[in-house]
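Below is one structure, written out as structure tokens; comments come after it.
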Amino acid sequence: MSRSRSNDDSPTKNVLAFVAADCPTIPCFKYILLTLQQITSPALILSEGLCLQHDSLTQTHLINTIFFVSGLCTLLQVTFGVRLPILQGGTFALVTPALALLSTSEWRCPVWTQNASLVNNSSPVFIKVWQTCMRTLQGSIMVASVLQILVGFSGLIGYLMHFIGPLTIAPTVSLIGLSLYDTAGEKAGMLIILFSQYLCHIPIPVPTYSKAKKLHTSKFFIFQNMPVSQYGHLACTDVKGNVVNEASCFTFPYPGQWGMPAVSLAGVLGIMAGIICSMAESVGDYHACARLSGAPPCPRHAINRGIGIEGLGCLLAGAFGSGNGTTSFSENVAALGITKVGSRTVILLSGVFMILMGTLGKIGAILTTIPTPVIGGLFLIMFGVITAAGISNLQSTDMNSSRNIFVFGFSIFSVLVIPNWIMKNPDILETGVDMDQVLRTLLTTHMLVGGFLGFFLDNTIPGTCQERGILSWVHYIPFCPWKGNRCQYKSEVRDLSQSQANEHSTGVTDQCAL
Numbered sequence: 067m068s069r070s071r072s073n074d075d076s077p078t079k080n081v082l083a084f085v086a087a088d089c090p091t092i093p094c095f096k097y098i099l100l101t102l103q104q105i106t107s108p109a110l111i112l113s114e115g116l117c118l119q120h121d122s123l124t125q126t127h128l129i130n131t132i133f134f135v136s137g138l139c140t141l142l143q144v145t146f147g148v149r150l151p152i153l154q155g156g157t158f159a160l161v162t163p164a165l166a167l168l169s170t171s172e173w174r175c176p177v178w179t180q181n182a183s184l185v186n187n188s189s190p191v192f193i194k195v196w197q198t199c200m201r202t203l204q205g206s207i208m209v210a211s212v213l214q215i216l217v218g219f220s221g222l223i224g225y226l227m228h229f230i231g232p233l234t235i236a237p238t239v240s241l242i243g244l245s246l247y248d249t250a251g252e253k254a255g256m257l258i259i260l261f262s263q264y265l266c267h268i269p270i271p272v273p274t275y276s277k278a279k280k281l282h283t284s285k286f287f288i289f290q291n292m293p294v295s296q297y298g299h300l301a302c303t304d305v306k307g308n309v310v311n312e313a314s315c316f317t318f319p320y321p322g323q324w325g326m327p328a329v330s331l332a333g334v335l336g337i338m339a340g341i342i343c344s345m346a347e348s349v350g351d352y353h354a355c356a357r358l359s360g361a362p363p364c365p366r367h368a369i370n371r372g373i374g375i376e377g378l379g380c381l382l383a384g385a386f387g388s389g390n391g392t393t394s395f396s397e398n399v400a401a402l403g404i405t406k407v408g409s410r411t412v413i414l415l416s417g418v419f420m421i422l423m424g425t426l427g428k429i430g431a432i433l434t435t436i437p438t439p440v441i442g443g444l445f446l447i448m449f450g451v452i453t454a455a456g457i458s459n460l461q462s463t464d465m466n467s468s469r470n471i472f473v474f475g476f477s478i479f480s481v482l483v484i485p486n487w488i489m490k491n492p493d494i495l496e497t498g499v500d501m502d503q504v505l506r507t508l509l510t511t512h513m514l515v516g517g518f519l520g521f522f523l524d525n526t527i528p529g530t531c532q533e534r535g536i537l538s539w540v541h542y543i544p545f546c547p548w549k550g551n552r553c554q555y556k557s558e559v560r561d562l563s564q565s566q567a568n569e570h571s572t573g574v575t576d577q578c579a580l
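Structure (structure tokens):
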């Protein structure tokens, strides 16, 4: 039974079909469908760095593993974490540093793994190659996740957010999408725009039979439903049809399934940069989710729990060998605003279904048969949206300021210069120790370089809080400004408009959801 609620004074604005305490069941399938591309994509991207581009069966295991861990982390987050209706799943923030690690000379795939005719998926040599890379990656994720656990449960996230503003988040998030342009370009079909944006609106005449009209023709939007290609073409699902037959019906991911995890210092530092970006993004997701679900604004302790549980989720994802971490889904927050379903029960059921999907080997196999051009098209859309979402953080800053234009422009352009220079001159860093590999990995991780430059310049070049966007950003800081707390810029925060203060003051309690 649907019970309409409103989290606004207006009776017609933001009316929710289900609030946090309601118990609907059917809408959970909508959220599961939303997670498919977000969970599947990181595994498919990492498979190339792990030398698995020609091993679809192992890709199936990776997809099943991340589904299982995502469902488990969702249950932990909704039950013990921030306690809001928000899904957990794979994150692109850890894909970029992972690929930077796997592109170094020590972990780079051998040339023969690029040739499908030379790859024997059951060969001990091939298995040793990709499992060595995987164990190093998962160990680095596990060690780096300890930082997020400590920051969350110690309450440091509130202090850090005073220094991480829009001019730090904007280049960091934008470069997650920009750094993956090559992956999208290799897979996308040349006619993706024509078929997806134009021909999908043109009806095609097809023969039809009915009792009333007998044999006749009717117009059908065929390009909205299926592609038409020759047999064996990369755009067809029959290219990987044998994977579904070979995949086991049931599989159960477990910690250490690829062997004992190893640790790389370069990998740990790179993954930490991605985790810091993920934490800042999650704080904003909590704020938006609480507002859209009709729950009170989250107090400090609720956000601390949420960040800590996300760190625990990254630890579990690394231990299970997913090759990725977990974070809050921004897409889930957007869907919440569209569907008006803010029930925690729906998200709990979604988590249970994701765990079940992680144990069904055929599900992962079916997802690996998605045609390569379709995956490339998804990447073009997702990475473009991620880039635009990162830049949109600048809306709270004064972009008429030459200071802000310099900070953002220099941060973005330097990322095009520094990693490219390092890759063209790999021998320029010669310290005689293993620190060479660490420096190369860090300096070729685009989001780390851009985020650090944005952070350093924004906090060292003089500028007012209003100019830097801190006055708007204060709503995302987990020190409730509506309860009288103040950030480090006390004098300027007092100048917040009364409308901004009233936005959080009405009916606020010291509880988050329940």
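Going by my numbering, the letters in the sequence shown line up with residues 67 to 580, in that order.
Where is the CB? At the ideal position from N, CA and C, for every residue including glycine.
Computed from a predicted model, the values in this text were never measured in an experiment.
Does DSSP classify residue i as helix, strand or coil?
i: H267; result: helix
i: F287; result: coil
i: G298; result: Low per-residue confidence applies at G298: pLDDT is 46, beneath 50, and the placement is therefore not dependable, though the value from the model is reported in the following sentence. Reduced to three states, the DSSP call for G298 is coil.
i: S330; result: coil
i: L281; result: strand
i: G275; result: Correcting the residue identity first, residue 275 is Tyr in this sequence and not Gly. In this structure, Y275 counts as strand in the three-state DSSP scheme.
i: T126; result: helix
i: Q204; result: helix
i: F386; result: helix
i: S396; result: helix
i: L138; result: helix
i: Q180; result: helix
i: F316; result: strand
i: Q154; result: strand
i: V309; result: helix
i: V407; result: strand
i: C537; result: A quick correction: the sequence has Leu, not Cys, at residue 537. DSSP places L537 in helix when its eight states are reduced to three.
i: L335; result: helix
i: L381; result: helix
i: L246; result: coil
i: L415; result: helix
Taking all protein chains shown into account, decide if residue i is buried (16 or more other Cβ within 10 angstroms of its Cβ) or exposed.
i: I342; result: buried
i: F192; result: buried
i: V177; result: exposed
i: L203; result: buried
i: R174; result: exposed
i: L216; result: exposed
i: W324; result: buried
i: G147; result: buried
i: W196; result: buried
i: T124; result: buried
i: S462; result: buried
i: E312; result: exposed
i: L422; result: exposed
i: D248; result: exposed
i: I268; result: exposed
i: Q180; result: exposed
i: S396; result: buried
i: M513; result: buried
i: G322; result: exposed
i: M208; result: buried
Using only the alpha-carbon positions, how far apart do residue i and residue j sit?
i: L433; j: P439; result: 14 Å
i: L112; j: P273; result: 44 Å
i: N390; j: A383; result: 6 Å
i: I484; j: G115; result: 22 Å
i: I373; j: Y352; result: 10 Å
i: A210; j: L335; result: 7 Å
i: Q554; j: S458; result: At Q554 the pLDDT is 42, less than 50, meaning the model places this residue with poor confidence and gives no usable figure here.
i: T126; j: G243; result: 24 Å
i: E376; j: S394; result: 8 Å
i: G360; j: Q154; result: 20 Å
i: T101; j: V135; result: 13 Å
i: L358; j: M345; result: 20 Å
i: Q119; j: N187; result: 11 Å
i: V310; j: L426; result: 11 Å
i: I536; j: V161; result: 29 Å
i: S171; j: L241; result: 23 Å
i: T507; j: S409; result: 42 Å
i: K428; j: I441; result: 19 Å
Can you find a CB in chain D that lies within less than 8 Å of the CB of residue i?
i: A455; result: Included in the structure is just one protein chain, with no chain D present.
So, under 8 Å CB-CB, residue i and residue j are touching, yes? Tell me the CB distance rounded to an integer number of Å.
i: R149; j: A368; result: 7 Å
i: V239; j: A400; result: About 15 Å separates the two Cβ atoms, so there is no contact after all.
i: L523; j: V473; result: 5 Å
Let me know the alpha helix (DSSP H) ranges lying completely inside the region 428–513, each 4 residues or longer, listed in chain order.
438–458, 468–490, 501–509
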